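What follows is one structure encoded as structure tokens, with my remarks underneath.
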Amino acid sequence: MSTVVLSLTAAASSAAGESLPVAYPANLWNEMFIIWLVVAVAIYAIVSAPIAWFLLRYRYKPGVNEVGAEEEGGLGLEVLWTVVPLIIVIYLAVQSAVFYVEQRTPPPDSLVVQTQGMMWAWQFTYPNGKVAFAELTVPVGKPVKLELTSMDVIHAFHIPAAKTMEDAVPGRVTHMWFQFNETGEFPAFCREYCGTAHAYMLATIKVVSEEEFATYVES
Ligand code: CUA
């Protein structure tokens, strides 16, 4: 089932002429947007086109069609308009579940960075103990898993370029993962109102080459 979903979604994204997005999981949400848009527009057209046609074709004409004929249901039609939407809804549910599980499951080779929110800064701790504030340096083309927590109130780490975010909650560890496909600097924001300086609780994701990252993390 998930193979069908993935091949359908691949077809949808290539139909959209989509280029490689700057970061994962942005590509998932872009594909999902196209799929739901296509389904929604198709349903809208299937419903509204007959409505328009019936309005014109069977409109009231004095002396011609004063009273409509009584119709006693139609089993074929009722089965059709029950089964077809059911299949569509099941497809959308499975497709959403596949995407959801995928973007909640970091690959085992992810770089794990402990990420702590506090009023009002972000602190990043690398596996070797190196600590950085407000700047998260990651290697390009490698999955990164953030293990998030908070020192005080609820914050949320949001990376618009990757179209992903997760809450940082005091007393528990949450996680998110992403992967950048090109180098550069990308903004990250606190996405949960956390007090006076919430708007200034920013971070920069610095995406660098593997070698640059190795040098950085050892410095
Ligand atoms: Cu931290 Cu808003």
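Just so we're aligned, residue 1127 is where the sequence shown starts under our numbering, counting upward by one.
Cβ coordinates follow ideal geometry from the N, Cα and C atoms, glycine included.
All figures in this text were calculated on a predicted structure; none of them were measured in a lab.
Check	Outcome
Answer with buried or exposed for Pro1151, where buried requires no fewer than 16 other C-beta atoms within 10 angstroms of its C-beta.	buried
Buried or exposed, going by whether 16 or more other CB atoms sit within 10 Å of the CB of Tyr1252?	buried
Looking at Gln1240 and Thr1275, is the spacing between their C-beta atoms short of 9 Å?	yes
Grab the span of the beta strand (DSSP E) containing Ser1335 for me, first residue to last.	That residue, Ser1335, is in no beta strand (DSSP E); it is neither H nor E in DSSP.
Find the nearest neighbour of Pro1286 within the set Leu1328, Val1343, Leu1181 and Gly1199, judged by alpha-carbon distance.	Leu1328
Please look up how many angstroms separate the CB atoms of Val1266 and Val1334, rounded, as I've assumed it's under 8 Å.	7 Å
Return yes when the C-beta of Tyr1226 is under 8 Å from any heavy atom of the ligand CUA, and no when it is not.	no
Which residues share a DSSP beta bridge with Pro1211?	BP columns for Pro1211 are empty, so no partner.
Would DSSP call Val1130 helix, strand or coil?	Note that Val1130 scores 49 on pLDDT, short of 50, meaning its location in the model is unreliable; the coordinates nonetheless yield the value given after this. Note: Val1130 maps to helix in three-state DSSP.
How would you label Asn1153, buried or exposed, when you count the other beta carbons within 10 angstroms and need 16 or more for buried?	buried
For Ala1168, which of helix, strand or coil comes out of DSSP?	helix
Quick check: the segment 1287-1307 against the segment 1201-1218, are there 3 or more CB pairs under 8 Å?	no
From the DSSP output, in three-state form, read off Glu1198 for me.	coil
Taking the C-alpha atoms as reference points, what is the distance between Ile1331 and Met1245?	19 Å
From what residue to what residue does the beta strand (DSSP E) around Thr1263 run?	Glu1261 to Pro1265
Counting pairs of Cβ atoms below 8 Å between the segment 1312-1328 and the segment 1268-1282, do you hit three or more?	yes
In angstroms with no decimal places, state the Cα-to-Cα distance between Glu1192 and Tyr1226.	54 Å
In the structure shown, what three-state DSSP assignment does Trp1179 receive?	helix
Regarding Trp1246 and the ligand CUA, is the C-beta to nearest heavy atom distance less than 8 Å?	yes
For Lys1271 versus His1301, is the C-beta distance shorter than 9 Å?	yes
For Trp1155, which residues in the same chain have their Cβ closer than 6 Å to its Cβ, ignoring the five residues on either side in sequence?	Lys1289
For Pro1234, which option in Trp1303, Gly1243, Ile1213 and Ala1168 has the closest C-alpha, if you only look at C-alpha atoms?	Trp1303
Taking 8 Å as the line, does the beta carbon of Gly1202 fall inside it for any heavy atom of the ligand CUA?	no
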